[in-house]
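Number of protein chains: 2
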Amino acid sequence: MTRGTTPVVPDDGLTTAERRRRPVVLVNTGDGKGKTSAAMGVAMRGWAQGWDVGVYQFVKSATWRTGERDALTRLGGLSGAVTWEQMGTGWSWTRRGDGQQVEAREAAVEGWEYIREGLAEQRHRLWILDEFTYPMDWGWIDADEVAEALRARPGTQHVVITGRRCPQAIVDVADLVTEMRKIKHPFDNGQRGQAGIEW
Amino acid sequence: MTRGTTPVVPDDGLTTAERRRRPVVLVNTGDGKGKTSAAMGVAMRGWAQGWDVGVYQFVKSATWRTGERDALTRLGGLSGAVTWEQMGTGWSWTRRGDGQQVEAREAAVEGWEYIREGLAEQRHRLWILDEFTYPMDWGWIDADEVAEALRARPGTQHVVITGRRCPQAIVDVADLVTEMRKIKHPFDNGQRGQAGIEW
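In order, the protein sequences belong to chains Y and R. Going by the working numbering, the first sequence opens with residue 1, and the numbers climb by one from there. Going by the working numbering, the second sequence opens with residue 200, and the numbers climb by one from there.
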């Protein structure tokens, strides 16, 4: 990453400073590694800017503690604000007291409703919607509706979305889309994931 | 990333636990975004495991403070150990007192010498060699020599190498290689990099 000049000078009437502050939607997709870890790297950068960072992990179990969660919530305790939510069988704000499990589909929809409200309210400066492509890909959440909410979001809210098979509607609204492509993976040879590297 | 089973059970005489602790070489290459930020996500995971983490940034200016540097050195102050070195015009351990600038090529070679010694001494548990492909690609550092040092490294040292145009010798020794491929980039439309997202 360089801070150099761009190949095109846009005719958008914005100054360079304004263009540097423009809110962006980033997508990390593809079958390869690094989609979540790159999003977490961006979360660190946002934290260092003093931004309010919200991480919403779809799919991942609510009880699965990852290194990035430990590190970022620790940073959030130092300065800035880091909110960390994992869906599992219900989000922290929806978890039933009666021990009843929420269906994954219902939990995903509840998660998106909460995020959509939060975007309208500018709850965070940087949003990490981890593995958010899956509930869209499965038809649980309407990708066009998400794209519309992203287009309509007020202020300067950056959004990072990760996961395989990113719907085209999200690619269309995104400013930057990266495909992580597997060239060589130890799972091919029977190597297993390990703490410190994979989570 | 799942913790599930692998498609192949390797015939290497190792137990699953041993295989989980096997040292790995990871490469993030390609022209797309996320190579460094994904490496920094892995650094967070390593930190959370209590590992000694060493980040060596080639090419990047020694005075360029990034968010990931702020975040990880802050974490290193809490627990674990995070060493952060940026090459610029000389590393912290080689910087001349006389204000004389070291040639980039010389600095890169000195960096590699120091890292090679450190690998032999098991200085870190997790090494991040950021943008290390460039001095190899430019012919300043011999990729075969690096590959040999990686193969010969003792103990359980994980190494992450980032940068475009990764030499084949490094791909060959790597356990996991991911290509970050640009699908859509705001620079195409004259958008500039910005703090909190790109650094």
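Think of the CB as a built atom: it goes at the ideal place given N, C-alpha and C, for glycine as much as any other residue. Since the structure is predicted, the reported quantities are computational estimates derived from the model, not experimental observations.
Checklist line | Closer than 7 Å at the beta carbon, the chain R residues around Y:HIS185 | finding: In the first sequence, residue 185 of chain Y corresponds to position 185, counting from 1. Per Cβ cutoff of 7 Å: LEU375.
Notebook entry, point to check: For the beta strand (DSSP E) that Y:TRP127 lies in, which residues bound it at each end?
Noted result: Translated into positions along the first sequence, residue 127 of chain Y becomes position 127. Here the beta strand (DSSP E) through Y:TRP127 covers 126-130.
Notebook entry, point to check: Which bits of chain Y does R:HIS357 rub up against, with CB to CB less than 8 Å?
Noted result: By 1-based counting over the second sequence, the position of residue 357 of chain R is 158. The contacting residues are GLY196 and ILE197.
Item checked: Closer than 7 Å at the beta carbon, the chain R residues around Y:ALA48 -> Here the question's residue 48 of chain Y lines up with position 48 in the first sequence. In chain order, GLY266, ASP269 and ALA270 make up the part of chain R whose C-beta sits under 7 Å from the C-beta of Y:ALA48.
Next item on the list: Could you run through the region 34-47 of chain Y and flag, in chain order, every residue whose CB is less than 9 Å away from some CB of chain R?
Entry: So the close ones are GLY34, LYS35, THR36, SER37, ALA38, ALA39, MET40, GLY41, VAL42, ALA43, MET44, ARG45, GLY46 and TRP47.
Next item on the list: Quick one: list the residues of chain R neighbouring Y:TRP51, beta-carbon separation under 8 Å, in chain order.
Entry: Residue mapping note: residue 51 of chain Y aligns to position 51 of the first sequence, counting from 1. Ordered by position in chain R, the residues that pass the 8 Å Cβ test against Y:TRP51 are GLY395.
Margin query: Below 8 Å on C-beta distance, what does R:ARG273 contact in chain Y?
Written below: The count along the second sequence starts at 1 and reaches residue 273 of chain R at position 74. Residues of chain Y whose Cβ lies closer than 8 Å to the Cβ of R:ARG273 are, in chain order, LEU75 and LEU78.
Next item on the list: Taking C-beta pairs closer than 7 Å, name the residues in chain Y that R:GLY287 reaches, listed in chain order.
Entry: Against the second sequence, residue 287 of chain R aligns to sequence position 88. In chain order: nothing, as chain Y lies at least about 15 Å away.
Margin query: With three or more C-beta pairs closer than 8 Å as the rule, is the region 123-136 of chain Y touching the region 151-170 of chain Y?
Written below: Verdict: yes, contact present.
Note to self: Short of 6 Å in beta carbon distance, which residues of its chain neighbour Y:VAL171, apart from the five on each side in sequence? Order them along the chain.
What the structure shows: Position 171 of the first sequence, counting from 1, holds the residue named residue 171 of chain Y. If you ignore the 5 residues before and after Y:VAL171, its C-beta comes within less than 6 Å of the C-beta of VAL177, all in its own chain and listed in chain order.
Next item on the list: Taking the CB atoms as reference points, tell me whether R:THR228 and R:ARG363 lie closer together than 8 Å.
Entry: Position 29 of the second sequence holds residue 228 of chain R. Position 164 of the second sequence holds residue 363 of chain R. Yes, the Cβ-Cβ distance between R:THR228 and R:ARG363 is below 8 Å.
Next item on the list: Measuring alpha carbon to alpha carbon, tell me which of Y:HIS185, Y:ARG105, Y:GLN86 and Y:VAL53 ends up nearest Y:ASP31.
Entry: Start at 1 with the first residue of the first sequence, and residue 31 of chain Y comes out as number 31. It is Y:HIS185 whose Cα lies nearest to the Cα of Y:ASP31.
Item checked: Which of helix, strand or coil DSSP assigns to R:GLU397 -> In the second sequence, residue 397 of chain R corresponds to position 198, counting from 1. R:GLU397 falls in the coil class under three-state DSSP.
Checklist line | Under the three-state DSSP convention, the category Y:ARG116 falls into | finding: Residue 116 of chain Y sits at position 116 when you count from the first residue of the first sequence. Correct three-state label for Y:ARG116: helix.
Margin query: Starting from R:GLU267, trace the alpha helix (DSSP H) in both directions and tell me its first and last residue.
Written below: Here residue 267 of chain R refers to the residue found at position 68 when the second sequence is read from its first residue. Judged by DSSP secondary structure, R:GLU267 falls within the alpha helix (DSSP H) whose first and last residues are 266-277.
Checklist line | Cβ pair count under 8 Å reaching 3, the region 111-120 of chain Y against the region 31-40 of chain Y | finding: Contact between the region 111-120 of chain Y and the region 31-40 of chain Y is absent, because fewer than three Cβ pairs lie under 8 Å.
Check: Taking only beta-carbon atoms, is Y:MET180 less than 8 Å away from chain R?
Finding: The sequence position of residue 180 of chain Y within the first sequence is 180, counting from 1. With 8 Å as the cut-off, Y:MET180 counts as an interface residue toward chain R.
Next item on the list: Assess, as a yes-or-no matter, whether the region 133-149 of chain Y is touched by the region 69-80 of chain Y under the definition of 3 or more beta carbon pairs within less than 8 Å.
Entry: No, they do not touch.
Check: Residues of chain R with a CB under 7 Å from the CB of Y:ARG21: which are they?
Finding: Mapped onto the first sequence, residue 21 of chain Y falls at position 21. In chain order: GLN393.
Next item on the list: Step through the CB atoms of chain R and report whether any lies within less than 8 Å of the CB of Y:GLY54.
Entry: Indexing the first sequence from 1 puts residue 54 of chain Y at position 54. So, not an interface residue.
Notebook entry, point to check: If you measure from the beta carbon of Y:GLY155 to each beta carbon in chain R, is any gap under 8 Å?
Noted result: As a first step, residue 155 of chain Y is located in the first sequence; it is residue number 155 there, counting from the start. The Cβ of Y:GLY155 sits no closer than 8 Å to any Cβ of chain R.
Notebook entry, point to check: Smallest Cα separation from Y:GLN181: which of Y:PRO23, Y:VAL25 and Y:LYS33?
Noted result: In the first sequence, the residue the question calls residue 181 of chain Y occupies position 181. Checking the displayed sequence, the identity of residue 181 of chain Y turns out to be Arg instead of Gln. The option with the nearest alpha carbon to Y:ARG181 is Y:LYS33.
Checklist line | Which listed residue (Y:GLY76, Y:TRP140, Y:VAL24 and Y:PRO167) has its alpha carbon closest to that of Y:MET44 | finding: Taking the first residue of the first sequence as position 1, residue 44 of chain Y is located at position 44. Of the listed residues, the one whose Cα sits closest to Y:MET44 is Y:GLY76.
Item checked: Contact list for R:GLY186 against chain Y, beta-carbon separation under 9 Å -> Residue 186 of chain R falls outside the range modelled here, since chain R spans only 200 to 398, and no answer is possible.
Check: When we look at the beta-carbon of Y:GLY90 and count the other beta-carbons within 10 Å, is it buried (16 or more) or exposed?
Finding: Working through the first sequence from its first residue, we reach residue 90 of chain Y at position 90. By the neighbour-count rule (16 or more Cβ atoms within 10 Å), Y:GLY90 is buried.
Note to self: Per the DSSP calculation, R:THR228 is bridged to which residue(s)?
What the structure shows: Against the second sequence, residue 228 of chain R aligns to sequence position 29. In DSSP, R:THR228 forms a bridge with R:GLU378.
Check: Hey, is R:VAL372's beta-carbon within less than 8 Å of any beta-carbon in chain Y?
Finding: As a working note, residue 372 of chain R is residue 173 in the second sequence. No Cβ of chain Y is located within less than 8 Å of the beta carbon of R:VAL372.
Next item on the list: Quick one: which residues of the region 102-113 of chain Y get their C-beta closer than 7 Å to a C-beta of chain R? List them in chain order.
Entry: Hits within the stretch: zero.
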